[in-house]
Each structure stands twice: as structure tokens, then as C-alpha cells.
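Undergrad: What follows is a single structure, and I will ask about it in a moment.
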Amino acid sequence: MTATAPVTPGPRPAVRRPGMTIPGPARLLRLELRHNAMLWLLPVPLALFWYNGYHEIMALPPMWNLRAMTLQNRLLLDLVIPVTGAAAWMGSREGRRNIADLVVGTARPRWARQLATWAATTAWAEVACLACVAVVYVMTARQASWGGPLWWPVAVSAAGVPALTAIGFAAGAWFPGRFVTPLVTIAVFFGLGFGTQAASGDHSYWQISPLTAGAFDIGAAPGVATFYHYLPDLSIAQVMFTAGITLAVLGALGASAARSGPRLRWLTAVITAAGLAAAGTAVALAGTGRLDPHGMIVIPALHDAASNQPVRYAPACSRTPIPVCVHPAFAVFLPAMTTAVGPELTEVAGLPGAPARISQVAEVYQQEPQNGITSLAGVPGGSAFILTDQVPGEPGATSAEFAADLEDTLGVKLIRDVILGGNASAAAARPSQAQLAVIAASVRPGAVWLGPSAADADAPEVSGRPLLALSSPAARAAHRFSALPPAAKHAWLAQHLAALQAGQISPAQLP
Amino acid sequence: MNVDITDLTRRFGRNQAVAGVDLQAGPGVFGLLGPNGAGKTTLLRMMATVIPPSSGRLRLLGRDPGAYGPRREVRRRLGYLPQNLGYYPGFTVVEFVEYFALLKEMPAARVPGAVATAVERVDLGGRAKAKLRTLSGGMLRRVGIAQAIVNEPELLLLDEPTAGLDPEQRVTFRALLRDLGQQATVVVSTHLVEDVGAACSEVALMDQGKIVFHGTPAELTARGTEHGTGDAPLERGYTAVLAAARS
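Taken in order, these protein sequences are the chains called A and B. Residue numbering for the first sequence follows our numbering, beginning at 1 and increasing consecutively. Residue numbering for the second sequence follows our numbering, beginning at 1001 and increasing consecutively.
The following block contains the structure:
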């Protein structure tokens, strides 16, 4: 200081701004918002999400259910390190800055002061969380062919953020050393990760983890929450759990404040107890979950039977000889599907027993006694099919694999149903050699298993696919028949299908 | 009496930092002198309600700070500058003082004006928007004083307030103390006897956790006329009292 102004005796008149006065707690929060570590760390969670979650989510097919549930699965994991770290850093601030003596002697209770700092940290963390959600949802809104945003997965993630900040903040406040920030961050990161990995089966308590989106071993599948409404049962339990953790930790933080008043001690004890009760109840509820046939978790105590009703929708259909109709959420895959099974559709269109149209139906799941999930993929009749979960964009799934899978399932099924005469299940036990030859000739090579010594008597087909020995009469007949032009094959089938179905045609009689 | 202390003690484990202090102080500037480890800071921390006493009776502003409600009321009317001032480097001067005004639960409408006044009174108006990390040690000390006086406290406790201030600032600060002491009780703990001589109307000298002298600066000076050592008269009184207490 080089110049010193003369001392002014007595306070000067206060300079007052006109207009509304901001209340003290709001002013405190404003100050904390301005000087919060989370504000400066905002680019970190956004960058982590960009490199980890965003690319994975946006590579998924543009379906709301897939992206929303995957978002829940990834977002908190990307946020946990910067958010918990910033909260621990802010929690330990008074201790690190040696300001405890100064603030302890002030009138505002320590808990209120801490809540303001925690709230500011949480507010910025929520900004990061919701910014990530907004980007994914805006992009999905521009790409998706059907449906709208799912908000429960967002609610779970958003409710998880205060829990992370509360844990980090409390750890920082209780142990204000320089190592608490990395330690609590690592502990929470691995706790969250391992807690999610520990889940198994529909009765697992561990599915309470806010990262768990959907049923174990199914998770975010294209058909889940598409044909039927998204069931919020597990999400409700997860929100209850994270809110309970938040309350319990914040209550304990207040209860630990030395020399707090009796009213505050009572209040914080009640909050802690309520938080623990909510979190415990949520875990218990998660343990009562059971797998819904449509791939979601039902918690009986939270379940609304009205949500069991299927979603109404107008299917998207192809302009093929036999229209293929899918749920509009899958409309983006329709061109690939018609390309994959177009020849089969053309070949059987108009034949006796051929379906007028083929419609996609929902997959039906069933929990096995242990961890496994059974997908009841069999669909009676030739007019319905289940689309594979491995649609292009799913991790590890390619367009080529998708097409091959369609040929292998939908194409084979369609041909089999027509050739075997609508009695596929009974006839499949022992189809005739001529029937096998026609099926083999009508589907793609990948759908036929050719071996040098196939025991055609015992195992004429595997999983619906003809199994033919290379040198067998059936294989030679299939080779001949497949060489015919599509119109010739169609004409022959139109004339001889009834006889073929009746087993009255031998492989040698095939053109 | 704004400060009424009877047989106050404070132990830290086996160490008795304050050993039976009796003290009464009304409005005015009260100097607390003593060598290092005499217990001045511990006594001030108890008076600031930062730590509770181990035993004895402490009444501040007519209230018992041992109970939560009265303690909170005392804290609203209290200003405290600790010996080691911690601060948040990212805060500006105004923000830091406002932060403490809010923690002292000042009415929100009064806060902006009170903050501006406090900042001006410590002559930091020109640096009001400066981040604390950019300030010198002396300026930070003045920020600490500003936060202590922002609520116009009835009881102001200052632990080594002039540490780090240059002579010109100390002169200014003493004037501020005298001004504040007209209405409030200002307790100043210091090593610098000249501060006491210039600003205090009453002085106590602590040694080994006890008050060994209580009177006016003139009375302390008088104790040193025959036996004390030091350059200034007050210093001679200080050393004479300490020597007598230890003999």
C-alpha cells in the first residue's frame, strides 16, 4: 500500500440498488456458483462423455429406447470422476484453505454453509449431465423414425448426480486432506462399476445401480420398450435409492457438525434416517423384480398394470410382392430387410399358403432359474417374425451380418412354411428329400449346410436349415432347381406345390 | 459488560492453554498483550465461540454462548480476525467480505452497502474487484479486518491485526480501532506494545495462561519506571510485569 486514505469515522450510508432484494441464502448460492470447482471442470465431463459415451450411443440405431437406455448405462460412469472429484475438492475447501476458524465463528450454521457449496457443485454437475442428455436427445429426435424421448433413464442419471456430489462432498468435509479427492473419486468409480457388474438375474439387488438400464443380460435391446411401454418400475427404485443416498449423506454431514443446535440435530437425524430408509427400501424393492415377457423388470409394488398394454402403432410396410411390415421404430431397417429376403418374397408370393404379409412381432423373454435369459423366438405361422437384436449399429453387428441373419431366419422360415405347407412344425420332423432340395435351392447358400457325409436320414436339417450331403440326390436336385430362373421356379412351384407338400415328388422329379 | 469472563480455562490434552482467567470489558479498545504461548489466541478463540471453554464462565454481549441459540445471536454481533487468516484466492475483495456478511446472517438488503462501507474503511475501495490471490500480505490483512467489521459488530476480536501492515497502515488502523471502540468492545491481541499504547483504553497482560496485569496503558507504563527493560516506556512496563509474574 503506497497511499493511505484518511480513516472515515462511522459507517457510510449504504448504497442500495432499487428493485427486489435477493435473499441471503440465494446470494450465498450465487457466490458459490461463481467460485465452484465444478464450473471450471465442466469441459472435463463433457469431453469424457464425448469420447466415451457419445460416440457409442450415436453409433446405435436411431431408436429412442436404445439410446436412452444406453445413455443411462454410460452417462454417470463418464461423470463420476470429475463430479465426485470436484465435490470432494469443494468439501475439503475450508480445511485446505485454513479458513475453518473464520467461518466457524459465524452465525449461519455450518450445515447451511455446506449445503450452499454442495448445491452449487451439484447444479454445475447437473448442467453437465443434462447437456449430455440434450445433445443425445436432440440428435436422436432428428434421426428417429418413431417415438419420443424416454425420461425415466434421464431421471435416474439426473438423480444419481446429487448422490455422487453428496458422497464426494461429505468425504472432503470429513477428511479435508489433499488425498481425499483422488481416493474418494477412485472408490466411487470402482464402487459404481463393480456394483453394476454384480447384477445377475431379475431378482438381483444389485440392479439398483443407477447404471443398470433394463433387465440383466438384455439391457437396451431394440425390441425392449418398443412394442410395449417402457416400464419405470426399476427406474423408480433407482431414483428412490439415489435420492435416499443423497439425503442420508447430507443428513449425516449436518449431524456431524459439532455444537449444532438441538433442532438441527433432530432435523439432520430425521433426514439421515429417512434417506437410509428410502435407500434400503429401494434395494429391497429391486430384489423383488421379475423379468417381464417383454424384456423389462417388473417390481410388483411399483408396477402399474396399465403399462402392460401394447403400444399402438401404424406399421411401416415394404412395397414387395409380400409386404414386410415392421414396427415404425424399425423402419430404418426396412430397405435392408427387403433386400435381404426379397428373392424369397418374390419366389413364394402368390403360392398357396404364402402369407399375404409378414409382420414383425415382439420378442418374448423368460428368466431361467439361474442368470440366463431365454428368448422365446419361435413364432407360429409364416406371417410373423421376430427381428434380431443385432441390428446394424448395435455393438459388434454389421449390415452384412444383419442381412445374413435375416436370410438365415426370415428367409428360411418363409420358404419352409410355404414348402412344408403351413404345417412346418409337424413336417419338420421328417421333411422329404425333395422338400429339402427345394428349400435349399430357394434360400441363400449361407442358409444351407452342405457336408460330404451328412446323415440325411437322421438329421435332414439343423435349426431349420437343410443339411445335405454334397453327392446326395437331394443336393443334385437342389443344384438343378436353384439354377432355374425365378419365374420358372415360381411357375413350377405353383403347379406342383400341393404334390411336393404331400411328399409325392422325389428329388429326381425336380426340374 | 460485553465481555464477562470468570475463572475460564481451556485444556488441549495435558496442556492448559488458559488457566483461570477473569476478565470484564465494556465498550472501548482492550489490548491483550503477552509473549508467545501465553494463551492469548486460545482466549480469543473461546471469545469468538470457535472453541468451547473447558471450564469457567463466559458471557458475551450478555449471553451465554454455551447454548446454541444465544451463541448464534452472539455470532451475529461478533467480528473476528484470526491470527492466521485463511482465504479463498479466487474470491474478489468484495465477494470475500460479502461472503462473511452473509455467513453472519446480515439482512440481505443491507449487505451490499455494508460490504462497500467495510471495504472503504480499510482503504481497499480501489482494489474491491481484485482477486485475493493478487493482493499483498498487508492487503489481505485488511481484507480480514473488513470481513470482521462488515456487520458493525458489538464485539470485535482481532488477533494480531497489524501483522504485515506497514507503519502508515498501522497508524491508520489504530485510528480505525479508536473509532470502532467508541461503540463496540474491541479486543486486540498483539505483540506490539505501541499498538496498545496508541489505541487501547485498557490492557491485560497474559503469561502462562493467566492474566498477570489488568489496567490502563498508563498503569502498565508506571510499572516499568524502576525495573523494566526496553526502549519505550510501555515496553519497560511490559517486561517488568512479566518478570514480577515469573519471579
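Where a beta carbon is used, it is the ideal one built from N, C-alpha and C, also for glycine.
#1: Does A:D304 come out as helix, strand or coil in the three-state DSSP assignment?
#2: Tell me which same chain residues have a C-beta within less than 7 Å of the C-beta of A:R34, skipping the five on either side of it?
#3: Could you check the C-alpha separation between A:A454 and A:A187 for me, to the nearest Å?
#4: Closer than 8 Å, Cβ to Cβ, to anything on chain A: give me those residues from the region 1227-1240 of chain B, in chain order.
#5: I need the boundaries of the alpha helix (DSSP H) containing B:F1213, first residue and last residue.
#6: With 16 other CB atoms within 10 Å as the buried threshold, where does B:E1168 fall?
#7: Hey, would you say B:T1049 sits closer than 8 Å to B:A1017, going by beta carbons?
#8: Compute the Euclidean distance between the alpha carbons of A:P25 and B:M1106, then round it to the nearest angstrom.
#9: So, is the C-beta of A:A107 closer than 8 Å to a C-beta in chain B?
#10: Can you tell me whether DSSP reads B:K1131 as helix, strand or coil?
#11: Let's test the definition: count the other Cβ atoms within 10 Å of the Cβ of A:A426 and tell me whether it reaches 16, buried, or not, exposed.
#12: Using a C-beta cutoff of 8 Å, does A:V44 count as contacting chain C?
#13: Roughly how many whole angstroms lie between the Cα atoms of B:F1012 and B:V1171?
#14: How is the alpha helix (DSSP H) around B:L1103 delimited, first residue to last?
#15: Start and end of the beta strand (DSSP E) containing B:S1189?
#16: Within its chain, find whatever has a CB closer than 6 Å to the CB of A:A433; leave out the 5 residues flanking it on each side and keep chain order.
#17: Using three-state DSSP, classify A:D417 as helix, strand or coil.
#18: Quick one: residues in its chain with C-beta nearer than 7 Å to the C-beta of B:G1026, no 5 flanking neighbours on either side, listed in chain order?
#19: Output yes if chain B places a C-beta closer than 8 Å to the C-beta of A:R27; else output no.
#20: Of the choices A:P182, A:L276, A:L387, A:A286, whose alpha-carbon is the least far from that of A:H226?
#21: Which residues of the region 1023-1057 of chain B have a Cβ closer than 9 Å to any Cβ of chain A? Give them in chain order.
#22: DSSP on B:L1158, reduced to helix/strand/coil?
#23: Verify whether the separation of the beta carbon atoms of A:N98 and B:N1036 is less than 8 Å.
#24: For A:M139, which three-state DSSP category applies?
#25: Taking the C-alpha atoms as reference points, what is the distance between A:I57 and A:L75?
#26: Hey, does B:P1082 have any beta-carbon neighbour from chain A nearer than 8 Å?
#27: Should A:V83 and A:V161 be called a contact, given that it needs their Cβ atoms to be closer than 8 Å?
#28: Are any of the Cβ atoms in chain A nearer than 8 Å to that of B:A1109?
#29: Looking at A:Y230 and A:L150, is the spacing between their C-beta atoms short of 8 Å?
#30: For B:F1127 and A:T281, I'd like the C-alpha separation in whole angstroms.
#31: How is the beta strand (DSSP E) around B:A1025 delimited, first residue to last?
#32: How about A:P23: is its C-beta nearer than 8 Å to some C-beta of chain B?
#33: With DSSP as the reference, label A:L42 as helix, strand or coil.
#34: Comparing the C-beta of B:R1010 with each C-beta of chain A, is any distance below 8 Å?
#35: Exposed or buried, what is A:S471 when buried is set at 16 or more other beta-carbons lying within 10 Å of its beta-carbon?
#36: Does the region 324-338 of chain A come within contact of the region 260-274 of chain A, defined as at least 3 CB pairs closer than 8 Å?
TA: Reading from the atomic positions:
#1: Here the question's residue 304 of chain A lines up with position 304 in the first sequence. Looking at A:D304 - three-state DSSP - the assignment turns out to be coil, as it is neither helix nor strand.
#2: Locating residue 34 of chain A in the first sequence gives position 34, where the first residue counts as 1. No residues qualify anywhere along the chain.
#3: On the first sequence, residue 454 of chain A is found 454 positions in, with the first residue counted as 1. On the first sequence, residue 187 of chain A is found 187 positions in, with the first residue counted as 1. For A:A454, the predicted structure reports a pLDDT of 49, less than 50, and the residue's modelled location is therefore unreliable. A value from the coordinates is still provided. Distance between the alpha carbons of A:A454 and A:A187: 57 Å.
#4: none
#5: Stepping through the second sequence from its first residue, residue 1213 of chain B is reached at position 213. Segment 1210-1215 is the beta strand (DSSP E) holding B:F1213; no alpha helix (DSSP H) there.
#6: Numbered from 1 along the second sequence, position 168 holds the residue referred to as residue 1168 of chain B. Flag for B:E1168 reads exposed.
#7: Numbered from 1 along the second sequence, position 49 holds the residue referred to as residue 1049 of chain B. Numbered from 1 along the second sequence, position 17 holds the residue referred to as residue 1017 of chain B. In this structure, B:A1017 does not lie closer than 8 Å to B:T1049 by Cβ.
#8: As a working note, residue 25 of chain A is residue 25 in the first sequence. As a working note, residue 1106 of chain B is residue 106 in the second sequence. Approximately 11 Å, taken between the alpha carbons.
#9: Here the question's residue 107 of chain A lines up with position 107 in the first sequence. Yes, A:A107 counts as interfacial toward chain B.
#10: Numbered from its first residue, the second sequence carries residue 1131 of chain B at position 131. Strand, per DSSP.
#11: Along the first sequence, read from residue 1 onward, the residue named residue 426 of chain A stands at position 426. Legend: pLDDT at A:A426 = 48, less than 50; position of this residue unreliable, value from coordinates given subsequently. Exposed, since its Cβ has fewer than 16 Cβ neighbours within 10 Å.
#12: The displayed structure is made up of protein chains A and B, and chain C is not among them.
#13: Taking the first residue of the second sequence as position 1, residue 1012 of chain B is located at position 12. Taking the first residue of the second sequence as position 1, residue 1171 of chain B is located at position 171. Roughly 36 Å between the two C-alpha positions.
#14: Within the second sequence, the letter at position 103 stands for residue 1103 of chain B. From DSSP, the alpha helix (DSSP H) with B:L1103 extends over 1093-1103.
#15: Stepping through the second sequence from its first residue, residue 1189 of chain B is reached at position 189. Residues 1185-1190.
#16: The count along the first sequence starts at 1 and reaches residue 433 of chain A at position 433. As written in the sequence, residue 433 of chain A is Gln, which differs from the Ala given in the question. The answer, listed in chain order, is A474, P507.
#17: By one-based count along the first sequence, residue 417 of chain A stands at place 417. Residue state, collapsed to three classes: helix.
#18: Here the question's residue 1026 of chain B lines up with position 26 in the second sequence. Excluding positions up to five away in sequence, the list reads M1001, N1002, T1185.
#19: Residue numbering aside, residue 27 of chain A sits at position 27 when the first sequence is read from its first letter. So yes, A:R27 belongs to the interface.
#20: Translated into the one-based positions of the first sequence, residue 226 of chain A becomes position 226. Checking the sequence, you will find Thr at residue 226 of chain A rather than His. Closest option to A:T226, Cα to Cα, is A:L387.
#21: R1045, A1048, T1049, V1050, I1051, P1052
#22: Working through the second sequence from its first residue, we reach residue 1158 of chain B at position 158. Of the three classes helix, strand and coil, the one that applies to B:L1158 here is strand, per DSSP.
#23: Working through the first sequence from its first residue, we reach residue 98 of chain A at position 98. Working through the second sequence from its first residue, we reach residue 1036 of chain B at position 36. Taking 8 Å as the Cβ cut-off, A:N98 and B:N1036 do not qualify as a contacting pair.
#24: Against the first sequence, residue 139 of chain A aligns to sequence position 139. Here A:M139 sits in helix by DSSP.
#25: As a first step, residue 57 of chain A must be located in the first sequence, where it is residue number 57. As a first step, residue 75 of chain A must be located in the first sequence, where it is residue number 75. For A:I57 and A:L75, the distance between alpha carbons rounds to 10 Å.
#26: Within the second sequence, residue 1082 of chain B is the residue found at index 82, counting from 1. Yes - at least one Cβ of chain A is within 8 Å of the one on B:P1082.
#27: Residue 83 of chain A sits at position 83 when you count from the first residue of the first sequence. Residue 161 of chain A sits at position 161 when you count from the first residue of the first sequence. Yes, the Cβ-Cβ distance between A:V83 and A:V161 is below 8 Å.
#28: Taking the first residue of the second sequence as 1, we reach residue 1109 of chain B at position 109. It does; some Cβ of chain A falls within 8 Å.
#29: As a working mapping, residue 150 of chain A is identified with position 150 in the first sequence. As a working mapping, residue 230 of chain A is identified with position 230 in the first sequence. Cβ distance < 8 Å, so A:L150 and A:Y230 count as in contact.
#30: If you number the second sequence from 1, residue 1127 of chain B lands on position 127. If you number the first sequence from 1, residue 281 of chain A lands on position 281. Strictly speaking, residue 1127 of chain B in this sequence is Arg, with Phe absent from that position. C-alpha separation (whole angstroms): 55 Å.
#31: As a working mapping, residue 1025 of chain B is identified with position 25 in the second sequence. Run containing B:A1025: 1015-1025, per the beta strand (DSSP E) assignment.
#32: Here residue 23 of chain A corresponds to residue number 23 of the first sequence, with the count starting at 1. Output row for A:P23: interface = yes.
#33: Indexing the first sequence from 1 puts residue 42 of chain A at position 42. Correct three-state label for A:L42: coil.
#34: Looking up residue 1010 of chain B in the second sequence gives position 10. With 8 Å as the cut-off, B:R1010 does not count as an interface residue toward chain A.
#35: In the first sequence, the residue the question calls residue 471 of chain A occupies position 471. The residue is exposed, with fewer than 16 neighbouring Cβ atoms inside 10 Å.
#36: no
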